[in-house]
Amino acid sequence: MATIAEDVVAAPKKSKLGLILIVVTAALAAAGAAYYFTSVQPRGKAAAATQVPETPIFVALDPFTVNMQADDRDRFLHIGLTLKVADAKSQAQIIQYLPETRSRILSLLSNRDPATLVTADDKNKLAAEILKALNKPLASSQPPQHITNVLFTAFVVQ
0 MATIAEDVVA APKKSKLGLI LIVVTAALAA AGAAYYFTSV QPRGKAAAAT
50 QVPETPIFVA LDPFTVNMQA DDRDRFLHIG LTLKVADAKS QAQIIQYLPE
100 TRSRILSLLS NRDPATLVTA DDKNKLAAEI LKALNKPLAS SQPPQHITNV
150 LFTAFVVQ
């Protein structure tokens, strides 16, 4: 008869190598994920960070002096303007058609009552009207220019 010790089949020892490989692989995956999420920026943010802001383009106009409609006495308006344009093409159009540009502005300014140019809101309305008038095509063969802002550099009502 066999002894009890012989009857018991020795259980094979599990290899610790498989367990070690799993642990090392998981640790490497965790380290790689941590590196990716902490050091690499998303593509949208990276593109925005490398994008250089555009340099504004300004067109300074010679000052305007116009007589104003006043009931009691002679009044005049002396105004300096600078136009902020969206691109070089608009800048070139304004310079090429400068007499047309100045004429449109003079027509808007000469029809003013001095009392309508007192407050900041009045000046903002005038700037909006000038912007609207100048964003129309200066010639029928040309596309409209893109003026983004009208800036006052001098403003005197006397």
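Here numbering that gives the first Met the number 0 is used: the first residue of the sequence shown is 0, the next is one more, and so on. From the three backbone atoms N, C-alpha and C, an ideal C-beta is built for every residue, glycine too.
Label residue i either buried or exposed according to how many other C-beta atoms from any shown protein chain fall within 10 Å of its C-beta, with 16 as the threshold for buried.
i	result
isoleucine 19	exposed
threonine 64	exposed
arginine 111	buried
leucine 16	exposed
leucine 76	buried
What number of angstroms, rounded off, separates the C-alpha of residue i from the C-alpha of residue j?
i	j	result
leucine 116	isoleucine 94	28 Å
leucine 82	lysine 88	14 Å
proline 113	lysine 131	21 Å
serine 109	aspartate 86	29 Å
Only counting the same chain, and skipping five residues up and downstream in sequence, which positions put a Cβ closer than 8 Å to that of residue i?
i	result
valine 84	Ile56, Phe57, Val58, Gln90, Ile93, Gln144, His145, Ile146 and Thr147
alanine 153	Pro62, His77, Ile78 and Gly79
Once you ignore the five residues that flank residue i on each side, which residues in its own chain have a CB closer than 7 Å to its CB?
i	result
isoleucine 129	Ile104, Leu107 and Val149
proline 142	Pro136
glutamate 99	Leu137
Just to confirm, does residue i get its C-beta within under 8 Å of one of the non-hydrogen atoms of the ligand SAM?
i	result
leucine 97	Of ligands this structure carries none, so the ligand SAM is not represented either.
Which full runs of the alpha helix (DSSP H) of 4+ residues lie inside the stretch 85 to 113, going along the chain? 87 to 95 and 97 to 109
Do the stretch 124 to 144 and the stretch 102 to 110 make contact, defined as three or more Cβ pairs closer than 8 Å? Yes, since at least three Cβ pairs between the stretch 124 to 144 and the stretch 102 to 110 fall closer than 8 Å, the two stretches touch.
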